[in-house]
Structure formats: structure tokens, C-alpha cells
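Report on one structure; see the data block that follows.
Residue numbers (UniProt numbering), protein chains in the order written: chain A, 1 to 535; chain B, 1 to 535.
What follows is the structure, encoded as C-alpha cells:
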């Protein structure tokens with residue numbers, strides 16, 4: 001699992017000085033052993049229990065014959081066992097590999113094969129997702145299942161009960177060689193444009209990123225610990241690296257939800273006096289709709305963070321009302337840059353609400369042209385990053401690594417610019433920019449306008465090969481009411497676009513569909529749309 | 001300058017992902033170029049200027065032929081040029097080696113020879129300190145001097161003016177290979193018991209330590225930067241790694257004082273609306289004495305940190321009154337563990353005022369017996385540390401390294417215990433513990449009592465070889481009034497000790513001296529006392 005970048009050799013750092021993730025839990029457990037670390041439904045797990053359980057699991061994993069830097073696939077919802085398994089891998093120099101359980105059995109099989117997985121920890125309910133993988137050729141496997149209803153076998157394989165597995169190992173510390181730049185986690189990208197890629201992230205990266213995020217998101221060390229209510233899936237970097245780990249590194253509590261139930265979230269915020277939240281805009285909307293009789297709002301929340309894209313002002317105001325003591329801030333980032341690379345400041349709210357905000361304290365942002373030169377502030381180009389919490393590279397993918405680290409910066413694949421206060425403004429994904437009639441068209445800008453056209457529920461803008469334009473701007477639209485789509489529908493959409501956009505941005509073609517093809521993380525699969533339209 | 005621990009090989013980390021100190025300044029400079037980074041008398045240096053000047057110096061240093069990991073000795077008071085020189089070394093993979101300018105020319109010569117120094121940056125006023133070094137055998141040297149009155153030569157050597165030197169280099173970034181575990185600084189210990197030892201600290205150590213300290217000392221990232229007024233010398237880890245660098249990593253301002261002038265400090269706190277302070281207890285006393293007409297106190301200060309030893313309650317109350325909005329907290333540590341390993345929390349003030357407080361978020365504290373086993377909470381033993389900001393080791397000192405890192409922990413040389421809340425209580429320096437009549441006597445405990453005896457100004461307790469006791473407890477005392485020392489003086493001191501200590505703790509001998517031998521940092525040279533008394 002060493003990234004194949006420049007053949008990074010291991011560095012021997014002794015136990016007294018190493019910068020590794022497992023030690024961070026051991027430290028908080030030593031300081032706050034009796035405090036609650038994770039709340040999972042009715043189960044409250046203390047720091048001591050989390051630390052000792054992860055020790056036991058680490059011993060049990062190593063006893064199966066796994067050796068350093070081998071992956072452990074995790075097909076798990078948000079549970080305390082997820083957290084314990086992650087730390088068990090971190091402590092034993094194995095690679096935690098949480099897999100998105102919204103993926104299809106085929107995609108999961110592809111990932112497990114790509115990573116060379118021999119050990120799988122899965123929720124009982126997720127075992128059927130292994131069907132394709134088990135049907136094909138695979139190495140000898142260890143499968144551990146969480147949940148009372150776990151079957152004794154899956155396919156031809158014995159399934160080991162998680163509790164029984166954890167009980168096999170000693171609860172004392174595992175002292176194995178774990179080094180700063182060893183890989184601690186491998187998360188696969190969602191793959192909007194190609195097969196998913198395994199993003200390798202090192203211990204020092206997660207540790208520096210976690211401390212930085214703790215600093216900027218307002219956690220403290222000491223007698224005033226944070227309480228986070230988290231429903232975002234732990235198999236994504238957002239929840240794992242920007243939320244849950246920073247809280248556990250600083251002695252706070254994490255209240256886990258595996259499903260988004262607005263009433264249950266509101267109840268837990270109140271019950272646990274939550275100080276921190278991070279949700280998607282649509283989830284804040286749902287909380288507001290469900291708030292019912294919570295008259296005066298929820299005063300315990302100090303930071304209401306959100307992700308995805310800037311929220312409209314009217315929603316921000318409602319969030320303010322629900323959480324009267326909270327700063328409402330936007331975090332952004334990608335699996336390759338952990339944690340969020342940018343965080344919008346409260347002070348930017350009125351002037352820069354549509355921006356991504358400035359860089360975090362340990363990331364540097366540049367804008368690069370296609371020749372590999374940085375461009376001046378204000379100019380548009382590819383957003384590139386440098387910093388200790390940038391990923392080490394992609395698993396088993398030298399071409400992707402060469403491209404991603406060209407010219408000494410990590411290439412985000414996003415287009416945008418920096419303003420004179422170093423705030424990032426996003427234009428589009430590099431691959432989604434349309435080159436039409438000699439102009440660059442941001443699909444994001446056109447989508448914003450077309451989505452606001454009468455009768456349009458959703459839309460995706462892509463370029464299709466065209467004799468006259470090079471690429472023609474094409475709008476793929478889902479109507480609010482399919483029955484209302486008549487012969488004039490496309491003309492009305494184009495007319496709306498014409499009155500709001502420059503000529504070269506206006507869609508040359510409008511295609512109405514029942515639904516847009518999406519990835520497991522809800523992103524539109526534009527490459528599928530383009531392929532469809534090209535035919 | 002690689003530590004000779006386990007022959008740590010360099011790890012090749014690319015520019016996009018490395019965790020190095022120079023990049024931290026480049027990041028803050030990109031974000032906050034026009035903000036003031038350092039105030040040095042009438043000179044306000046912006047982040048952009050600091051970043052570009054350190055680039056220029058880095059180029060100039062490399063152009064003299066210095067190669068990676070060679071030391072640059074810095075004989076400098078607190079100036080903005082000190083800060084720029086430190087970052088120049090960090091950026092060019094050289095080792096910044098600030099030297100204590102309170103040391104004698106002999107000690108300085110010993111250090112410069114031990115480190116193999118070929119390049120010296122010095123205040124003009126500090127050039128005479130090089131006398132012994134230059135008189136002996138030495139390699140070819142580059143000497144750069146700061147200050148308008150810098151002479152053109154020192155001994156036979158040409159002295160290069162700092163401004164002229166800095167003007168030689170390009171102000172653009174130096175992109176050289178700097179790696180996470182490269183050494184960024186080497187500070188020599190004060191040497192209470194032996195020759196000073198060069199403490200090697202890595203980039204990742206300073207970075208993780210700096211971010212952690214920023215977190216726990218209450219700096220923020222964004223629109224609410226900290227302002228630190230600092231008078232502690234930058235050639236010590238306290239000022240450099242726990243105060244100044246964390247502020248510069250997070251975009252705040254540092255107001256430097258090279259001398260402790262209480263009125264000037266108070267004026268600058270007011271003038272710059274300082275948010276952060278760290279002083280010795282005796283300095284807080286002086287501020288209180290000098291406060292004059294500052295009626296309502298200085299409201300801008302949010303953290304009044306102090307070091308050395310717990311303050312008496314009455315002084316704490318006065319500090320509270322002077323800084324009504326500040327938390328008053330104690331930080332502790334040593335050159336080998338950067339930053340302060342422990343920080344007392346405000347909440348502990350009434351119950352644990354005499355403790356060192358709990359560990360920081362990135363350090364783990366253990367108590368170890370002489371066999372290398374950790375002992376249970378409450379038991380006394382050697383305080384040992386683990387964490388990413390522990391030093392890599394001592395320069396050119398394999399014996400010291402073996403001893404310091406025995407059993408996988410860093411050995412502090414301090415004796416103490418952890419209570420059931422993981423708060424550290426210090427007993428004594430390991431080497432100062434007296435083994436008397438089969439009991440261990442803490443010199444610190446006896447000193448506290450003897451210092452409170454009538455007529456005693458200062459005292460140091462050491463053990464001297466003794467037929468009956470093994471070691472006899474001996475009090476070396478400075479009297480308040482030498483003229484009042486009569487034949488009964490020693491008997492009165494012993495009587496006072498008897499009524500406050502157990503029999504085995506009571507000094508068996510009292511020696512009155514005019515003054516105690518001290519190191520440049522104000523610590524008593526007990527090994528000198530012991531040698532004297534043994535004769």
C-alpha cells in the first residue's frame with residue numbers, strides 16, 4: 001500500500017517521537033478515560049473502552065496474518081464499531097479502507113479487487129453487497145460482521161462475529177512500527193469521470209489536518225470539550241477527517257446517527273447540548289421544517305458548519321434563528337485534501353457568500369495555468385494545493401499520480417480564481433468546462449440559470465461535439481411536471497437563458513429526461529450524459 | 001546534522017505534501033501579506049516582507065556554499081531579523097541554531113565547535129562573544145552582523161552587513177528538498193549538570209507543536225488574529241516554539257522586546273491591544289509594581305501565560321486584576337519537548353495550583369521506574385514523554401540519545417507523579433534527588449521550607465557524600481543580611497526545618513554563601529555546589 005510516487009522509503013521514527021493517528025486516541029484515553037467518546041444509539045462508549053477495544057481489534061487483525069500497510073475494507077454505517085475499527089488499523093500500521101455502502105455490488109467488487117483486499121469488516125446488513133466480489137476470483141478472505149443478526153456464513157465463507165473477534169485480542173497497546181508517512185486510510189473517490197481511485201492518506205496528514213481543523217472549527221483542549229452530532233457518513237473524508245477525528249483528538253464526544261431523521265437529530269442536539277454540527281444545506285432545511293415547538297432555538301450549538309455549496313441568504317437566516325449562538329460556516333474540500341481545504345469565515349458572509357472562502361492554516365492555494373505556472377490573483381485557472389494534509393497519492397495508479405502532482409502542486413481538477421483577499425471562487429470542474437465558439441463556458445454558471453427557469457426541477461449542462469461551436473452547450477433537464485412538457489418547453493428554457501446569460505453560454509439544445517444519472521454521493525455522472533448525447 | 005539515533009534515513013516527500021516550517025510562513029504571507037507580522041521597536045514588518053526577506057536570506061545563505069542540514073549559529077537578541085533568519089534556515093533545509101547570548105565566550109566557543117559551525121549571524125553587539133572561538137582553531141567562516149554600528153571586521157575576519165547580505169539574494173521562493181523529519185533547529189541546553197547538549201528538533205515537530213499550542217493557547221485562524229507582546233528571549237524554546245511561531249503560523253502579530261522594561265511592556269500591551277502574554281512570575285510582579293495609573297486594568301489580554309513554577313495565590317489575584325479578561329495559565333516544558341508539555345488549566349487553579357497541569361493534546365505523559373516500566377497513577381518516578389513534538393535527539397551524542405530514548409519514551413530527567421486526573425506533580429530533577437538514610441529527599445521540597453526560614457534570601461539543597469547517611473542533606477544558603485549571620489544562624493535554619501519537615505529531610509549541614517552559582521538561564525549549578533562541598 002505504499003504510494004508509487006517517488007518510491008518513498010519508510011523512515012524509522014521511534015515510538016517516542018512519531019506522529020501517528022493511533023497514539024492520538026491513546027493520549028485522549030489516558031487524559032479522559034471515563035469521558036464519553038462516542039454515543040451510538042443507546043450505547044455510550046468511553047475513551048477507555050474505545051482505546052482498549054481498538055487495541056484488542058488490532059491484535060486480532062494482526063493475528064490473522066495481516067502485515068503492515070495491508071488494507072482492511074470496512075463496509076459500515078456510522079457506528080462506534082466503525083470508529084474502533086479505524087483506530088485498530090491505525091494502531092497496527094494497517095490501512096483503514098472504508099467503502100461507500102451506497103455503491104453497487106459491482107463497484108464494490110471492483111474496489112476490493114483493485115485494493116487487493118483480504119480482510120473485510122462489514123455490517124451484517126452490508127454482507128449482500130459482497131455478492132459480486134465473492135462470486136469472482138478472490139484471495140483467501142477474513143470476513144468479520146457487526147450486528148446481532150449476522151449470518152454464520154456468506155457464500156462459502158465463514159463469517160466471524162465482531163464481538164467474538166474483538167474478544168480474541170489483548171486489550172493492551174499494540175506496539176508495532178508505525179511511521180509518520182505510512183498510509184492510515186484509503187478512501188475511493190466517487191468516480192464521476194472514471195473508475196474510482198484509492199486516495200492514500202498518511203498518518204501525519206490526518207494528524208496535522210485534524211489538529212488544524214480542531215483549531216479553526218473551535219474545539220478546545222481541556223475542561224470545555226466539544227460535542228458533535230454527526231450524521232454524515234464516516235466513509236467520506238468530510239465526516240471522518242474534518243469532524244469526528246478532530247473531536248476525538250481533543251477529548252470531545254461524538255453522537256453518531258446512521259440515518260438522517262430530522263426529529264431525532266434535533267432531539268439529540270438538545271439532549272446532548274451539542275456544540276458542533278455539520279450538515280448539507282438540504283438537511284438544514286429539513287431541520288428547520290421539523291423544528292416544531294423548539295421555540296427559542298438551540299443555544300448550545302457554537303458552529304453550524306455546512307458543505308457542498310453556498311446556501312442562499314434566506315436559508316442562512318433560518319439557520320441563524322434555529323441556532324442563535326452558532327457561527328454558520330461553509331467547509332469545502334475533496335478526498336485528496338484532508339480536512340476541508342477551505343472554510344468560509346463568518347465575516348465573509350455578506351460579501352463572499354458564493355465563494356468557497358479562504359484556505360485553512362495548513363494549506364496553500366494557487367491558481368495554475370495549463371503550462372504549470374501560477375497566475376496572478378483574479379486570473380482563472382486550475383485550483384492547486386500544497387500542504388501537509390494533502391494525500392500521498394492514488395493507489396496503484398502511476399498515471400493519475402503523475403498528473404495529480406505535476407509541477408510540485410496537487411491538482412484539484414477544479415477551475416476557479418483567488419480574489420485579492422485570497423478567497424477562492426469556484427468556476428467549474430476542469431472536465432466540465434465547455435469550450436464553445438472559442439469561449440470557456442462554466443457548466444455551473446449555466447446550470448444556476450437554467451435551474452431557475454419556469455418548469456425546471458433539475459438540470460445538468462454538458463458540452464457535445466458540434467461542427468460549428470466545437471462543443472455545443474447542451475442542457476439536460478428534468479421537468480417539475482413531466483405532463484406539462486410541450487413543444488414550446490425547450491424554447492421557453494432557451495428564452496429564459498438568453499435573458500440571463502451571454503450568447504455563447506446559452507444552451508443550443510435542450511433535452512428533457514425523467515432523471516439524471518447520479519453517483520452514490522449524489523453527483524451527476526456527466527461523462528455518462530456526454531456519451532449518451534454524442535450518440 | 002542528522003541525529004545519530006537509529007540512522008534515520010531521509011524520506012522523500014514532495015513539495016505538495018511536505019510538513020515543513022518554512023511553508024507555514026509562506027502560507028500566512030499569502031493569506032495576510034499586508035498584515036503586520038513583527039513589531040520591533042519603530043519597525044513594523046509585514047508578512048510579505050518577512051516572507052520575502054527570509055527568501056532572500058535563504059538564497060544568500062545557500063550561495064555561500066552551505067549544504068542541507070548544516071547549522072547557522074544565531075547570536076541575536078529579540079529582533080525581526082532573528083525571525084527572518086530562522087525562517088531562512090527553515091526554508092533552505094539549514095539548521096537554525098540560536099545561541100544564548102548570556103553565555104560566556106568560552107561556553108559559546110564550545111558550542112560553536114561542537115556543532116561544527118561555519119556560518120554565524122550575530123548582532124553587532126554580540127560580536128565580542130566570538131572572541132574565544134575565533135582565537136582557537138576554526139573552519140573558514142561567514143559572519144553576518146545586524147546593526148548599524150557593525151564593524152567591518154572581527155579578528156581577522158570580514159563581517160558582512162546583514163542588510164547587504166539579505167540584498168544579495170532573490171526575494172522569490174527557494175524550492176529545495178526539505179523533508180518532514182529534517183532538523184529545523186538546534187538549541188543547546190543550559191547544562192546544569194554537564195556540557196550543553198544540542199537538541200535537534202524536526203520540522204514536523206515544530207509544526208505539530210505550533211498548531212497544538214495555537215489550539216490550546218487560544219489563537220484563531222481568520223479575522224480575529226492574536227497579538228503577542230514577547231520579551232522572553234527567542235533563543236529559548238519557550239518564546240520561539242510556544243509563543244512566536246504559533247502566532248506567525250496563524251496570522252497574528254508579534255511585538256518584540258529585547259529587554260524587560262515593565263513600563264514599556266505595559267505601554268505596548270495597551271498600544272497594540274495585545275491578546276497574549278507569557279512572562280515569568282517575577283516579571284508579572286514588576287508589571288504590577290509599575291502599573292501606575294492604568295486604573296481599570298488592561299482588558300485586551302485574553303491569555304496571561306507564565307512559566308517557571310506555580311505562582312502564589314496573592315500574585316495570581318493581582319495578575320487577574322491587571323488583566324481582568326485573561327485566563328492565567330502555567331506552561332511548562334523543556335528544550336527537548338516543544339512546545340510546553342503541560343499547561344495548567346484555569347479550572348485547576350484552586351485545587352492544583354502547585355501542579356504542572358495536564359498534558360497538551362499531542363503529548364503523552366508517563367511515569368517510569370528505573371527498570372523501564374510505567375507505574376500506576378499516584379506513584380512517583382521519572383516523568384517520560386511521547387509525542388510528535390518530542391525532539392529527534394541530541395547532536396553528536398550517542399550516549400545521551402541512548403539514555404534519553406530508553407524503553408521507547410523520552411526521559412525528562414524530572415521526578416514526579418500523575419494524579420487521578422492525569423495532572424503532573426513535579427518532585428525534583430532526577431539528578432537532584434538526595435538519597436539519605438534509605439529515603440529519597442526532594443531538594444525542591446526542602447528548598448521551599450528553608451527559603452521561608454527567617455533571614456534566608458535564597459537557598460539550594462544538595463546531597464553530599466556522608467558515612468552515616470549515604471548522602472547528607474546540605475543547605476547552601478544566601479542570607480538576607482550577611483551582617484546578621486551569627487553563630488546561631490545555622491541552628492535557627494535547622495530548627496525551622498525541623499518544625500516543617502520529616503527528620504530525614506532536615507538539612508544536616510548549613511553553609512552560608514554570598515551568592516549561588518547560576519547558569520545563563522538562572523538555574524543553580526548544583527553540580528558545581530556538590531563538587532565544592534565534597535572537597
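The C-beta atom is built at its ideal place from N, Cα and C for all residues, glycine as well.
{"Item": "Give me the DSSP bridge partner(s) of residue 44 of chain B.", "Value": "B:39"}
{"Item": "Taking one C-beta from the stretch 107–117 of chain A and one from the stretch 37–56 of chain A each time, how about it: are there three or more such pairs within less than 8 Å?", "Value": "no"}
{"Item": "List, in order along the chain, the chain A residues whose C-beta lies closer than 7 Å to that of residue 451 of chain B?", "Value": "Residues of chain A passing the Cβ test: none, with the nearest at roughly 32 Å."}
{"Item": "Taking the alpha-carbon positions, what's the residue 517 of chain A to residue 378 of chain A distance?", "Value": "34 Å"}
{"Item": "Would a check of beta-carbon distances place residue 358 of chain B closer than 9 Å to chain A?", "Value": "yes"}
{"Item": "Output needed for residue 219 of chain B: all residues of its chain with C-beta closer than 7 Å, excluding positions within five of it in sequence on either side, in chain order.", "Value": "226, 246, 247, 250 and 252"}
{"Item": "May I ask which residues mark the beginning and end of the beta strand (DSSP E) holding residue 71 of chain A?", "Value": "71–75"}
{"Item": "Within 10 angstroms of its Cβ, does residue 29 of chain A collect 16 or more other Cβ (buried), or is it exposed?", "Value": "buried"}
{"Item": "Less than 9 Å between the beta carbons of residue 384 of chain B and residue 426 of chain B, yes or no?", "Value": "no"}
{"Item": "Considering only C-alpha positions, which residue in the set B:165, B:189 and B:186 is nearest to residue 146 of chain B?", "Value": "B:165"}
{"Item": "Using a Cβ distance threshold of 8 Å, determine whether the stretch 310–320 of chain B contacts the stretch 359–367 of chain B, with at least three qualifying pairs required.", "Value": "no"}
{"Item": "Taking DSSP as the reference, what is the three-state secondary structure of residue 526 of chain A?", "Value": "helix"}
{"Item": "Would you check if the distance between the CB atom of residue 232 of chain A and the CB atom of residue 270 of chain A is smaller than 9 Å?", "Value": "no"}
{"Item": "Which chain B residues are close to residue 364 of chain A, counting only those with a beta carbon under 8 Å from its beta carbon?", "Value": "23, 26, 27 and 30"}
{"Item": "For residue 428 of chain B, does the count of other Cβ atoms within 10 angstroms reach 16, so buried, or fall short, so exposed?", "Value": "buried"}
{"Item": "Which residues in the same chain have their Cβ closer than 6 Å to the Cβ of residue 221 of chain B, if we skip the five residues on either side of it in sequence?", "Value": "250"}
{"Item": "Could you check whether the Cβ of residue 15 of chain B sits closer than 9 Å to any Cβ belonging to chain A?", "Value": "yes"}
{"Item": "So for residue 368 of chain A, helix, strand or coil by DSSP?", "Value": "strand"}
{"Item": "Residue 116 of chain B touches chain A at which residues, Cβ-Cβ below 8 Å?", "Value": "Under the 8 Å cutoff, chain A gives no residues; its nearest Cβ is about 24 Å from residue 116 of chain B."}
{"Item": "With distance defined between alpha-carbon atoms, name the residue in A:324, A:451 and A:524 nearest to residue 537 of chain A.", "Value": "Chain A is shown from 1 up to 535; residue 537 of chain A falls before or after that span and cannot be answered."}
{"Item": "Can you give me the C-alpha to C-alpha distance between residue 443 of chain B and residue 474 of chain B, rounded to a whole angstrom?", "Value": "9 Å"}
{"Item": "Decide yes or no for the touch test of the stretch 334–351 of chain B against the stretch 280–292 of chain B: beta carbon pairs closer than 8 Å, at least 3 of them.", "Value": "no"}
{"Item": "Taking contact to mean 3 or more Cβ pairs, one atom from each stretch, closer than 8 Å, check whether the stretch 71–84 of chain A and the stretch 254–267 of chain A are in contact.", "Value": "yes"}
{"Item": "Residues in its own chain within less than 7 Å of residue 44 of chain A by CB, not counting five upstream and five downstream?", "Value": "36"}
{"Item": "Looking at the strands, I want to know which residues DSSP matches up with residue 385 of chain B.", "Value": "B:365 and B:410"}
{"Item": "Going residue by residue through the stretch 286–330 of chain A, where are the continuous beta strand (DSSP E) segments of at least 3 residues, counting only ones entirely within it?", "Value": "303–306"}
{"Item": "What does residue 347 of chain B reach in chain A if we use C-beta pairs closer than 8 Å?", "Value": "222 and 223"}
{"Item": "Beta strand (DSSP E) containing residue 164 of chain B: first to last residue?", "Value": "Where residue 164 of chain B is concerned, there is no enclosing beta strand (DSSP E), although the alpha helix (DSSP H) it sits in stretches over 162–168."}
{"Item": "How big is the Cα-Cα spacing for residue 403 of chain B and residue 396 of chain B?", "Value": "14 Å"}
{"Item": "Cβ of residue 72 of chain B within 9 Å of Cβ of residue 94 of chain B?", "Value": "yes"}
{"Item": "Please name the residues in the stretch 242–259 of chain A whose beta-carbon is closer than 7 Å to at least one beta-carbon of chain B, in chain order.", "Value": "249 and 250"}
{"Item": "Can the beta-carbon of residue 360 of chain B be found less than 9 Å from the beta-carbon of residue 416 of chain B?", "Value": "no"}
{"Item": "Taking its Cβ as the centre, do 16 or more other Cβ atoms sit within 10 Å of residue 454 of chain B, making it buried, or is it exposed?", "Value": "exposed"}
{"Item": "Roughly how many angstroms lie between the CA atoms of residue 177 of chain B and residue 272 of chain A, to the nearest whole one?", "Value": "48 Å"}
{"Item": "Return helix, strand or coil for residue 195 of chain A, following the three-state DSSP convention.", "Value": "coil"}
{"Item": "Using only the alpha-carbon positions, how far apart do residue 202 of chain A and residue 92 of chain A sit?", "Value": "14 Å"}
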